[in-house]
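Engineer: Have a look at this one before I ask anything.
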Ligand SMILES: Nc1ncnc2c1ncn2[C@@H]1O[C@H](COP(=O)(O)OP(=O)(O)OP(=O)(O)O)[C@@H](O)[C@H]1O
Ligand code: SF4
Ligand SMILES: [Mg+2]
């Protein structure tokens, strides 16, 4: 039963999520700097002038004086019910900040993944079908350029291009200002590597399937090339791509964090980086936790998708 | 034999262009079959049996393979020259194939019902529902119990024997005029092998299908075929009726194949039974550099200098019995 399997997998992912929470907590505490000082709104240069009594007071208020284990348990207990505390800097509940930022990041990832999958799979299929002909060479050239271009550099090139040469797309700002257009450049930037990778894997997987006996059987039945490529070969070739898509979610999240910042797109990434600048521990912890849980869930979704697609995998 | 053969191969040549050189996998092979007849094609592994039959349906992977000469006439139509569109109409409809490996020849991701019915939909343009109904019928014909249930099953849930029956159901669902069976029973155990052979015989009687049966098992040849073609290193070396071949093989290679057939009585009468499973000593020469004369020369106990220098012509040694050999064997 598929439902049963899904529920079981969800239960099994609870320890993972608790583990992730622990890491998120440690990460927040490993961030250099004193959060109490940050909470006072004093920057590094003003450090020497800090009133030590004032700092102690804030530290007590924030519970930072308690043993780390106590802090951990209470933070984790609260985090599991969606309570991440308040930002030291703005006093806004972290949960609110995170859930405000989440939709934008999710949308960015969704658009990016869709873009990477569609472009990658199409290039891969074209490459495989036209193997050794110009269609293949063109697709492979695009792929090689895609794999070997650094994301950062690509982002800058895109920004320069659309700022000065074709000023038709916004290079900064969010969807409230520009609608979905705001997503185009950031998602192209993040999609570059996964798309190229997917194209490579799709190509080799497709070629492998096309050389198998089952393809010969399909041909011997008198089926059209479209049916042979897009129904028979595709369904068999796409499995490794799904796995890669799953793994790419991690990279994508990483990419989203940096790229949001580059393109000044609000979202979890921007929230996290601001949190780091401000030494706002609870914001860092909350953002990292939500990003990681999203990652764990996306892996689960990939596994389930795998089971739905391949009848042989029902474990 | 009645009038015109339904399928006729004339001097067919298929080459593989690889790094090691050009392999003439099919070298001027001719044979023909009539409706209702079973022709056996025999020979050791790698002698070009499969490539010959794949060439008929233009299923040779290109690259590296290519049909470079000769003709394939199906009811007078030149298959090496028809359009891709016409070829697709013929494949699975007029001429269909059963392959060597039943398991890997089916699509693991598609239900049995879909795999059978897609050919019906393609060739007869019937609805999916009607095609499934017909597919269920076909599964019953090939003796799959619970046919309705299996329509929604997948190949990995079946045994090898069942997969092969599904392949047969798939191959015969459009009532082909010619069925090419490429070692359909090699991967199966003896009981199931017998059932499958019987099944093919029944179908042949019902539909008057011409069958080309590829095998390296001479025991099966005696059981099901009327005529037989023996291939060696991409060439045809002997052709006759099954009866003549077994009574009086004219080519040393065929003689070798016959002594290589395991016989039950040999097991019973001798202590060292396995030693009687002798293969012909030596191996098939590499197709990239065949000897100048007879390809069998290195393994033949009758070989002479002439054999080394000149290719023996394929000639009629006695009425209806051809062989390519310089020596008069067994007459
Ligand atoms: N894809 C290929 N690439 C290169 N050479 C090939 C290819 N397929 C077949 N050949 C060549 O064609 C020869 C004949 O192969 P074929 O499959 O027809 O043998 P067979 O008689 O069917 O043997 P078996 O009994 O093992 O099925 C092989 O020895 C090989 O050299
Ligand atoms: S031609 Fe010579 S080598 Fe070839 S099979 Fe006949 S006797 Fe043997
Ligand atoms: Mg073969």
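Chains as they are written, first to last, in this note's numbering: chain A, -12 to 302; chain B, 1313 to 1643.
Glycine included, each C-beta is placed from N, C-alpha and C at the ideal position.
If you're wondering where the values come from, they're calculated on a predicted model, not measured in any experiment.
Identify which residue in B/1598, B/1455, B/1511, B/1608 has its Cα closest to the Cα of residue 1565 of chain B.
Structural biologist: If you number the second chain from 1, residue 1565 of chain B lands on position 253. If we check each option's Cα against that of residue 1565 of chain B, B/1608 comes out closest.
Engineer: Does residue 299 of chain A get closer than 8 Å to chain B when you measure Cβ to Cβ?
Structural biologist: Against the first chain, residue 299 of chain A aligns to sequence position 312. With 8 Å as the cut-off, residue 299 of chain A counts as an interface residue toward chain B.
Engineer: Just reading off the beta strand (DSSP E) that residue 1336 of chain B is part of, what are its end residues?
Structural biologist: Position 24 of the second chain, counting from 1, holds the residue named residue 1336 of chain B. Per DSSP, residue 1336 of chain B belongs to the beta strand (DSSP E) from 1333 to 1345.
Engineer: At a cut-off of 7 Å, is residue 1612 of chain B close to ligand 2 when judged by its beta-carbon and the heavy atoms of the ligand?
Structural biologist: Translated into the one-based positions of the second chain, residue 1612 of chain B becomes position 300. Residue 1612 of chain B: yes, Cβ under 7 Å from ligand 2.
Engineer: Which ranges does the alpha helix (DSSP H) cover as unbroken runs of at least 4 residues, wholly within the segment 1464 to 1503 of chain B, from first to last along the chain?
Structural biologist: Listed in chain order, the complete alpha helix (DSSP H) runs (minimum 4 residues) inside the segment 1464 to 1503 of chain B are 1472 to 1484.
Engineer: Within the same chain, show all residues whose beta-carbon is closer than 6 Å to that of residue 1551 of chain B, passing over the 5 residues directly before and after it, in chain order.
Structural biologist: In the second chain, counting from the first residue as 1, residue 1551 of chain B sits at position 239. Excluding residues within five positions, the ones whose Cβ falls inside 6 Å are 1541, 1634.
Engineer: With burial defined as no fewer than 16 other Cβ atoms inside 10 Å of the residue's Cβ, what is the status of residue 1589 of chain B: buried or exposed?
Structural biologist: To locate residue 1589 of chain B, count along the second chain from 1; it is residue 277. At residue 1589 of chain B, the pLDDT of 40 sits below 50, so the modelled position is not reliable; the number obtained from the coordinates is stated separately. Exposed: under 16 other Cβ atoms inside 10 Å.
Engineer: In chain order, which alpha helix (DSSP H) runs of at least 4 residues are fully inside the segment -3 to 72 of chain A?
Structural biologist: Runs found: 22 to 26, 39 to 48, 55 to 67.
Engineer: With H, G and I counted as helix, E and B as strand and the rest as coil, what does DSSP make of residue 1437 of chain B?
Structural biologist: Along the second chain, one-based indexing puts residue 1437 of chain B at 125. Residue 1437 of chain B: coil per DSSP, three-state reduction.
Engineer: Please work out which residues of its chain come closer than 8 Å, Cβ to Cβ, to residue 1438 of chain B, disregarding the five sequence neighbours upstream and downstream, and give them in chain order.
Structural biologist: To locate residue 1438 of chain B, count along the second chain from 1; it is residue 126. Counting only Cβ-Cβ distances below 8 Å, and skipping sequence neighbours, we find 1432, 1446.
Engineer: Beta-carbon of residue 1435 of chain B versus every beta-carbon of chain D: anything under 8 Å?
Structural biologist: Here chain D cannot be found, since the structure's protein chains are A and B.
Engineer: Is residue 282 of chain A helix, strand or coil when you go by DSSP?
Structural biologist: Within the first chain, residue 282 of chain A is the residue found at index 295, counting from 1. Here residue 282 of chain A sits in helix by DSSP.
Engineer: For a quick check, are the C-beta atoms of residue 1723 of chain B and residue 1428 of chain B less than 8 Å apart?
Structural biologist: The structure shown does not extend to residue 1723 of chain B, since chain B spans only 1313 to 1643, so no value can be given for it.
Engineer: Taking DSSP's pairing of strands, which residues face residue 1329 of chain B in a bridge?
Structural biologist: The residue given as residue 1329 of chain B occupies position 17 in the second chain. Answer is B/1334.
Engineer: Measure how close the beta-carbons of residue 95 of chain A and residue 252 of chain A come, nearest whole angstrom, since I'm counting them as under 8 Å.
Structural biologist: Residue numbering aside, residue 95 of chain A sits at position 108 when the first chain is read from its first letter. Residue numbering aside, residue 252 of chain A sits at position 265 when the first chain is read from its first letter. Confirmed, Cβ separation roughly 7 Å.
Engineer: Judging by CA-CA distance, which residue of A/260, A/291, A/82 is the nearest neighbour of residue -10 of chain A?
Structural biologist: In the first chain, residue -10 of chain A corresponds to position 3, counting from 1. Minimum Cα distance to residue -10 of chain A is reached at A/291.
Engineer: Whole angstroms is fine: what's the gap from residue 1486 of chain B's alpha carbon to residue 209 of chain A's?
Structural biologist: As a first step, residue 1486 of chain B must be located in the second chain, where it is residue number 174. As a first step, residue 209 of chain A must be located in the first chain, where it is residue number 222. Approximately 11 Å between the Cα atoms of the pair.
Engineer: Just grab the DSSP bridge partners of residue 1385 of chain B for me.
Structural biologist: Position 73 of the second chain, counted from the first residue, corresponds to residue 1385 of chain B. DSSP lists B/1320, B/1390 as partners of residue 1385 of chain B.
Engineer: With distances taken Cα to Cα, identify the nearest neighbour of residue 278 of chain A among A/205, A/82, A/-8.
Structural biologist: Working through the first chain from its first residue, we reach residue 278 of chain A at position 291. Nearest option by C-alpha distance: A/82.
Engineer: Just the Cα atoms here: how many angstroms apart are residue 214 of chain A and residue 202 of chain A?
Structural biologist: Position 227 of the first chain, counted from the start, is the residue given in the question as residue 214 of chain A. Position 215 of the first chain, counted from the start, is the residue given in the question as residue 202 of chain A. Going from the Cα of residue 214 of chain A to the Cα of residue 202 of chain A covers about 11 Å.
Engineer: Tell me which residue opens and which closes the alpha helix (DSSP H) that residue 1638 of chain B is part of.
Structural biologist: Locating residue 1638 of chain B in the second chain gives position 326, where the first residue counts as 1. Run containing residue 1638 of chain B: none; DSSP gives neither H nor E here.
Engineer: On the premise that residue 1519 of chain B lies in contact with residue 1478 of chain B, defined as a C-beta separation below 8 Å, what is that separation, rounded to the nearest angstrom?
Structural biologist: As a working note, residue 1478 of chain B is residue 166 in the second chain. As a working note, residue 1519 of chain B is residue 207 in the second chain. In fact, because the Cβ distance is near 18 Å, the residues do not count as touching under 8 Å.
Engineer: Just checking residue 1571 of chain B against ligand 1 - is the residue's beta carbon closer than 7 Å to any of the ligand's heavy atoms?
Structural biologist: Here residue 1571 of chain B refers to the residue found at position 259 when the second chain is read from its first residue. Residue 1571 of chain B: no, Cβ never under 7 Å from ligand 1.
Engineer: Rounding to the nearest angstrom, what Cα-Cα distance links residue 1379 of chain B and residue 1546 of chain B in this structure?
Structural biologist: Sequence index remark: in the second chain, residue 1379 of chain B carries index 67 (1-based). Sequence index remark: in the second chain, residue 1546 of chain B carries index 234 (1-based). In a straight line, the C-alpha of residue 1379 of chain B is about 13 Å away from that of residue 1546 of chain B.
Engineer: Is the segment 85 to 100 of chain A touching the segment 255 to 265 of chain A in the sense that three or more CB pairs, one from each, lie closer than 8 Å?
Structural biologist: Yes, the segment 255 to 265 of chain A is in contact with the segment 85 to 100 of chain A.
Engineer: Rank B/1330, B/1322, B/1319 by C-alpha distance to the C-alpha of residue 1600 of chain B and give the top, closest one.
Structural biologist: Start at 1 with the first residue of the second chain, and residue 1600 of chain B comes out as number 288. Among B/1330, B/1322, B/1319, the Cα nearest to that of residue 1600 of chain B belongs to B/1330.
Engineer: Can you pull the DSSP bridge partners for residue 75 of chain A?
Structural biologist: Taking the first residue of the first chain as 1, we reach residue 75 of chain A at position 88. Paired residue(s): none; residue 75 of chain A is not in a bridge.
Engineer: To be precise: take each residue of the segment 57 to 89 of chain A, compare its Cβ to all Cβ atoms of chain B, and keep it if any distance is under 7 Å. Which residues remain?
Structural biologist: Flagged: no residues at all.
Engineer: Can at least three beta-carbon pairs, one atom from the segment 1370 to 1384 of chain B and one from the segment 177 to 185 of chain A, be found at a separation below 8 Å?
Structural biologist: Counting Cβ pairs under 8 Å, fewer than three are found: no touch.
Engineer: Using the Cα positions of residue 1373 of chain B and residue 1415 of chain B, report the straight-line distance between them to the nearest angstrom.
Structural biologist: On the second chain, residue 1373 of chain B is found 61 positions in, with the first residue counted as 1. On the second chain, residue 1415 of chain B is found 103 positions in, with the first residue counted as 1. Going from the Cα of residue 1373 of chain B to the Cα of residue 1415 of chain B covers about 20 Å.
Engineer: Tell me which residues share the same chain as residue 79 of chain A and place their Cβ nearer than 7 Å to its Cβ, disregarding the 5 neighbours each side in the sequence.
Structural biologist: Here the question's residue 79 of chain A lines up with position 92 in the first chain. Once the five neighbours on either side are set aside, the close Cβ partners of residue 79 of chain A are 73.
Engineer: Which bits of chain A does residue 1411 of chain B rub up against, with CB to CB less than 9 Å?
Structural biologist: The residue labelled residue 1411 of chain B in the question sits at position 99 within the second chain. The answer, in chain order, is 200, 203, 204, 207.
Engineer: In angstroms with no decimal places, state the Cα-to-Cα distance between residue 1605 of chain B and residue 1386 of chain B.
Structural biologist: Taking the second chain and counting its residues from 1, the one referred to as residue 1605 of chain B is at position 293. Taking the second chain and counting its residues from 1, the one referred to as residue 1386 of chain B is at position 74. One C-alpha to the other measures close to 33 Å.
Engineer: Mind checking if residue 1477 of chain B is an interface residue toward chain A, Cβ cutoff 8 Å exclusive?
Structural biologist: Taking the second chain and counting its residues from 1, one reaches residue 1477 of chain B at position 165. So no, residue 1477 of chain B is outside the interface.
Engineer: Residue 16 of chain A CB to nearest chain B CB: under 8 Å?
Structural biologist: Looking up residue 16 of chain A in the first chain gives position 29. Answer no: the Cβ-Cβ gap between residue 16 of chain A and chain B never drops below 8 Å.
Engineer: So what's residue 264 of chain A in DSSP terms, helix, strand or just coil?
Structural biologist: The residue given as residue 264 of chain A occupies position 277 in the first chain. Residue 264 of chain A: helix per DSSP, three-state reduction.
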